[in-house]
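Novice:
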C-alpha cells in the first residue's frame, strides 16, 4: 500500500491510497479533483473509490466534479452525514475492499483524531479528519474510514 498526501486549498490535504499489486486506488476528500487525478496518473493508479470523511465543503466539495471526471466512480459517505455527491452510503461497521490487499472498515466517530504509532508487525496512522490506515506485514492492509 502506498499513500500520497496531496496538498489542497491553502491548508488541507487529500490522500491517495494505492494497492500496489493491482494499482486500484481510493482518494480521501478530493476537494480539488484535478490535482488528485494528476497524482493518480503519475503513479499509474486506477481510481475506484472516494472516501469522504464528512460533509464540509473543504472535504466533500470536489465529489460532484470527480464523478464527472471519472465516470462510474463510487463516492462513499456516512449514512447520517448528507455528503454531497455521495453514491454509496456507509454505516458503522461496513466493510469494503480495494484491490487485492486492502480492506476498508467504516466507523462512525463524531470527532476528529490525530494519532500515530508503529510496532514490529503493524503500523497505524490516523490521518487528520478520521481516516485510519493500518498496514500489517506483507499479507494485507486495512483502512478504517471514520466519520
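In my numbering, the protein residues as written are 2 to 148.
C-beta: ideal position from N, C-alpha, C; glycine also.
Predicted model, so just to flag it, every value in this text is computed and none were measured.
1) Are residue 79 and residue 68 close, meaning C-beta to C-beta below 9 Å?
2) Please state whether the Cβ-Cβ distance between residue 76 and residue 89 is less than 9 Å.
3) So, is residue 156 buried or exposed, given that buried needs 16 or more other C-beta atoms within 10 angstroms?
4) Could you tell me how far apart the beta carbons of residue 74 and residue 49 are, in whole angstroms, since I believe they sit closer than 8 Å?
5) Taking only three categories from DSSP, how would you classify residue 109?
6) Can you have a look at residue 6 and say buried or exposed, based on whether 16 or more other CB atoms are within 10 angstroms of its CB?
7) Please report the Cβ distance between residue 24 and residue 47, rounded to the nearest whole angstrom; I am assuming they are in contact, meaning their Cβ atoms lie under 8 Å.
8) If we ignore side chains and look at the alpha-carbon of each, how far apart do residue 35 and residue 44 end up?
9) Looking at the structure shown, is residue 64 part of a helix, part of a strand, or coil, going by DSSP?
10) For residue 54 versus residue 20, is the C-beta distance shorter than 9 Å?
11) Pick from 81, 97, 60: whose alpha carbon is nearest that of residue 13?
12) If you run the structure through DSSP and keep just helix, strand and coil, what is residue 85?
13) Using the Cβ count rule (16 or more neighbours within 10 Å means buried), how would you classify residue 33?
14) Between the C-alpha atoms of residue 40 and residue 108, what's the straight-line distance to the nearest angstrom?
Specialist: Straight from the coordinates:
1) Taking the chain shown and counting its residues from 1, the one referred to as residue 79 is at position 78. Taking the chain shown and counting its residues from 1, the one referred to as residue 68 is at position 67. No, they are not a contact pair.
2) On the chain shown, residue 76 is found 75 positions in, with the first residue counted as 1. On the chain shown, residue 89 is found 88 positions in, with the first residue counted as 1. In contact: residue 76 and residue 89 (Cβ atoms closer than 9 Å).
3) The requested residue 156 does not occur in the structure, where the chain is confined to residues 2 to 148.
4) The sequence position of residue 74 within the chain shown is 73, counting from 1. The sequence position of residue 49 within the chain shown is 48, counting from 1. The beta-carbon separation of residue 74 and residue 49, rounded to 7 Å, stays under the 8 Å limit for a contact.
5) Taking the first residue of the chain shown as position 1, residue 109 is located at position 108. Residue 109: coil per DSSP, three-state reduction.
6) Position 5 of the chain shown holds residue 6. The residue is exposed, with fewer than 16 neighbouring Cβ atoms inside 10 Å.
7) Taking the chain shown and counting its residues from 1, the one referred to as residue 24 is at position 23. Taking the chain shown and counting its residues from 1, the one referred to as residue 47 is at position 46. Contact between residue 24 and residue 47 holds: CB atoms are separated by about 5 Å, below the 8 Å threshold.
8) As a position in the chain shown, residue 35 is number 34, starting the count at 1. As a position in the chain shown, residue 44 is number 43, starting the count at 1. When only Cα atoms are considered, residue 35 and residue 44 end up about 15 Å apart.
9) Here the question's residue 64 lines up with position 63 in the chain shown. Assigned with DSSP and collapsed to three states, residue 64 falls in helix.
10) In the chain shown, residue 54 corresponds to position 53, counting from 1. In the chain shown, residue 20 corresponds to position 19, counting from 1. The answer is no: Cβ separation not under 9 Å.
11) The count along the chain shown starts at 1 and reaches residue 13 at position 12. Of the candidates 81, 97, 60, the one whose C-alpha sits nearest the C-alpha of residue 13 is 60.
12) Locating residue 85 in the chain shown gives position 84, where the first residue counts as 1. Here residue 85 sits in coil by DSSP.
13) In the chain shown, counting from the first residue as 1, residue 33 sits at position 32. Counting the other Cβ atoms within 10 Å of the Cβ of residue 33 gives 16 or more, which makes it buried.
14) The count along the chain shown starts at 1 and reaches residue 40 at position 39. The count along the chain shown starts at 1 and reaches residue 108 at position 107. Taking the CA atoms as reference points, residue 40 sits about 27 Å from residue 108.
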